[in-house]
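Q: Mapped onto mature numbering (1 follows the signal peptide of the UniProt record, and there is no 0), the consecutive letters of the sequence shown carry residue numbers -18 to -1, 1 to 638.
My structure is below; once you've seen it, I'll send some questions.
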Amino acid sequence: MKRLLIFLLLTLSTATFAQVKLARIFSDQVVLQRQQPIPVWGWAKPNEKVSVTLAGQTQSGKAGADGKWLVRFSPLEAGGPHQLTATAKSGKAEAGDILIGEVWLCSGQSNMEWPVKAADNYQAEKKNANFPQIRHFNVAHDLALTPQADLTKGEWKVCSPETVGDFTAIGFFFARELVQKLNVPVGLLHSSWGGSQVEGWISKEGMMSNDELRPVAQQLSTNWQQADSIVDYKLRKQLLKGVDNLYLTAADEQKYLDPAYDFSTWRTADPFGQWDWKGMQGFRGQGYIARQIEIPADMVARQTTLGLAENDSRNEIYINGKKVYEGTETGSRKITLPANTWKAGQNQMVVKYGNAVKLPWFGLGLMGSPNDLYVADGTQRISLAGNWRMMPAFAEKHEYSRFMNNVATSIYNAMIAPLVPFAIRGTLWYQGESNAGRAYQYRQSFPLLIQDWRNKWGTNGRTSDFSFYFVQLSSYGGNQSSNQGSGWAELREAQTMTLQVPKTGMAVTTDVGNPKDIHPTNKQDVGHRLAVIALKQDYGQNIPYSSPMYEGVSFQGDKAFISFKHADGGLMVKDKYGYLKGFEIAGDDKVFYYAKAEIQGDKVVVSHLKVPKPVAVRYAWTDSPDEANLYNGAGFPANPFRTDTWPEVTRNAKFD
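Here is the structure:
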């Protein structure tokens, strides 16, 4: 009896595992691409014959040794709903309410991931979001060291006031315009991850095809323990500059508490927020923050309160080498220190703490506001807001949270490979913020990603030619001049250069950014600018679709004359006083000056009294060119550019 029961359980388990099924992407309410062959795949028993029906067509296939089968249906026109059925001896799998229309893959980092519920005018957008022809599939965050066959979760959602809040905002506003202009269903296949670097989205084969990235591909980890050790080594190498032995001991780190210790080489950053976003991705363990504090003489003899914002881990606080506090505090910490804790003049404070306890995913970092960092004695208050010095405690037990792309190719393997070769019209891409420090290399890595994906989607040895439209980095950060250089400007330049790749398009968004927030909430204009590119280039509508693009420069005396392509409706300035801003000019000495600029017909004339013989002009060449205000008559902002080829500030920064 016992043997029979075991036999029945094994038989049932095998049958369940081998029963015919569709890939997860072919769930109820899926949108399939019109006017193209439609690949459909799934799994069955090894070598089993499978019959698949869709919209009156029947295709037959045979599962391979791994159980995977794939069939291709002839192109269909927009419409539906249809039923998809896969039948084999092992059973039947079905998906219903299927529409045929336009499918766009939405990918990148947080600005693509940004949901409708966090975008401008959400309540109004939600109220008017009854678009059953728009469907959205969210690919869950996942990582893998090898390409995965299928997604672990996810389903198609029909757009409604109840569901739209979780849709990618840029994707939704793009799709809404297409539905309204084309009157066909639109499917948004959304696979993005905030903070991700482009290298995580490229396959191993793609990296192997590139001379600079090939060494990375050749050394990819085969297990997560190895991957973590590589991440750990890279972080040590990055942070422990000038240290002979990167593998510090506890005695080495005890020196951090010495009142004379020089922590000027530590990472400089605002202490608020996760360390993950301060160049220490994934570190989980103990860490140190430190700073110098100037204390007036009349405060020394008084009891003081030290405000340290929120971190509910066990803390140790050292002032001038002496431990003045050890313990745990919840909420905004206000620690009472006795008189004579401080000395007059410069004091050195070091705080050792760990991962947040109540929110363990947060890792290291402070929560609260800058007003929560201070020293006060009842009559005066010294702010401790601003940058601190930071250093992980490498000598103590620590680990790495496996998120984003600490390991190259790992996002592609888990979040793109399972989608191949799902038929799509094209890709919408918003990424680059995390690559701004390596902007010069982005000239290679970004076109490589496009070619890599097109290769993966190709069939019978032929590369796919699906459209690839991307969002140029918006305005965020400082408004420095060209004399200081800008990684963000160089990243925008790399994006502009990528327009040389066939069937690409770029939405310029420097005018709808937020210098103080890397996540601007105006996603409506971004979606619109992507939509008009598609309406022009994919759907044949005769409409303006591009920003003014730098075409050439001529120098005549003390003036530079700049010409543009795509000056639809003429060039114009958006300024109530009529002043054109954002231009800089330089001579042979390579010193830039903020320039006088005027529109003269189809050109912009640039000059400055201190540059009698100009040789270079730059426009919007800064991290946050929010003042740049040159547009064409169609309302699109001019693309940032430079006329010179002088050395870049990111030229030597490489992904390793």
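Don't be surprised by glycine CBs; every beta carbon is placed ideally from N, CA and C.
1) I need the DSSP call for alanine 421, collapsed to helix, strand or coil.
2) For a minimum of 3 consecutive residues, which ranges assigned as the beta strand (DSSP E) are wholly contained in the segment 304 to 351?
3) What first and last residue would you give for the alpha helix (DSSP H) that runs through proline 197?
4) Could you tell me the boundaries of the alpha helix (DSSP H) in which alanine 157 lies?
5) So the candidates are Lys74, Gly177 and Trp439; which of them puts its Cα closest to the Cα of tryptophan 257?
6) Whole angstroms is fine: what's the gap from tryptophan 603's alpha carbon to isoleucine 567's?
7) Threshold first: 3 residues or longer. Then list the beta strand (DSSP E) segments lying entirely within the segment 423 to 495, N to C.
8) If you follow the beta strand (DSSP E) that valine 389 is in, where does it begin and where does it stop?
9) Which complete beta strand (DSSP E) runs does the segment 501 to 549 hold, if anything under 3 residues is left out?
10) In the DSSP output, what is cysteine 88 paired with across the bridge?
11) State the start and end residues of the unbroken beta strand (DSSP E) segment that holds glutamate 566.
12) Under the three-state reduction of DSSP, which class applies to leucine 366: helix, strand or coil?
13) Cα separation between glutamine 633 and lysine 563?
14) Check whether the Cβ of isoleucine 82 lies closer than 8 Å to any Cβ atom in chain B.
15) May I ask you to report which of helix, strand or coil DSSP gives proline 97?
16) Pull up the distance between the alpha-carbon of lysine 505 and that of glycine 617, whole angstroms please.
17) Round the Cβ separation of tyrosine 424 and valine 180 to the nearest angstrom and send it over; I've been treating them as touching at under 8 Å.
18) Please tell me whether alanine 70 and glutamate 30 are closer than 8 Å, where the distance is taken between their beta carbons.
19) Going by DSSP in three states, methionine 190 sits in which element: helix, strand or coil?
20) Need the endpoints of the alpha helix (DSSP H) that glutamate 235 sits in, please.
21) Rounded to a whole number of angstroms, what is the C-alpha to C-alpha distance between phenylalanine 404 and phenylalanine 149?
22) By DSSP's criteria, serine 33 is part of a beta bridge. Which residues make up the other side?
23) Could you give the distance in angstroms between the alpha-carbon of alanine 232 and the alpha-carbon of leucine 473?
24) If you run the structure through DSSP and keep just helix, strand and coil, what is serine 589?
25) CB tryptophan 175 to CB glutamine 91, shorter than 8 Å?
26) If the criterion is Cβ atoms closer than 8 Å, does the pair glycine 345 and phenylalanine 254 meet it?
27) Of the residues Asn297, Val597, Arg624 and Asp434, which one's Cα is nearest the Cα of threonine 312?
28) For a test of the three-state rule: what should DSSP assign to glutamate 144, helix, strand or coil?
29) Using the C-alpha atoms, what's the distance from serine 72 back to leucine -14?
30) Just to confirm my understanding: we take asparagine 369, look at its own chain, exclude 5 residues before and 5 after, and list those with CB closer than 7 Å. What are they?
31) Beta carbon of arginine 80, beta carbon of leucine 66: below 8 Å?
32) Among the candidates Leu430, Gln462 and Val161, whose CA atom is the shortest distance from the CA of threonine 480?
33) I'd like to know if the segment 348 to 358 and the segment 273 to 289 are in contact, where contact means that at least 3 CB-CB pairs between them fall below 8 Å.
34) Can you pull the DSSP bridge partners for alanine 251?
35) Does the segment 438 to 448 come close enough to the segment 551 to 565 that 3 or more CB-CB pairs lie under 8 Å?
A: Looking at the atomic coordinates:
1) helix
2) List check, beta strand (DSSP E) in window: 304 to 309, 316 to 319 and 327 to 335.
3) 196 to 200
4) Taken as a continuous stretch (DSSP letters only), the alpha helix (DSSP H) holding alanine 157 covers 151 to 164.
5) Gly177
6) 11 Å
7) 449 to 453 and 486 to 489
8) Unbroken run through valine 389: none, as it is neither H nor E.
9) 531 to 538 and 541 to 547
10) His172 and Leu410
11) 565 to 568
12) Coil at leucine 366, not helix or strand.
13) This sequence places arginine at residue 633; glutamine is not what is there. Going by the C-alpha atoms only, they are around 28 Å apart.
14) You won't find chain B in this structure, because it holds only one protein chain.
15) strand
16) 16 Å
17) With 8 Å as the limit, tyrosine 424 and valine 180 qualify as a contact, their Cβ atoms being about 7 Å apart.
18) yes
19) helix
20) Run containing glutamate 235: 232 to 236, per the alpha helix (DSSP H) assignment.
21) 20 Å
22) DSSP, once it has assigned bridges, lists Ser42 and Thr69 as partnering serine 33.
23) 40 Å
24) strand
25) At a Cβ-Cβ threshold of 8 Å, tryptophan 175 and glutamine 91 count as neighbours.
26) no
27) Asn297
28) coil
29) Unreliable positioning characterises leucine -14 in this predicted model, as indicated by a pLDDT of 45, which lies under 50. The coordinate reading is nonetheless provided below. Answer to the nearest angstrom: the Cα atoms are 22 Å apart.
30) Thr250, Ala251 and Asp252
31) In the sequence as presented, arginine is not what sits at residue 80; that position holds isoleucine. Yes, they are a contact pair.
32) Leu430
33) Touching, yes, given that three or more Cβ pairs across the two stretches are closer than 8 Å.
34) Trp370
35) Contact between the segment 551 to 565 and the segment 438 to 448 is absent: fewer than 3 CB-CB pairs across the two stretches fall below 8 Å.
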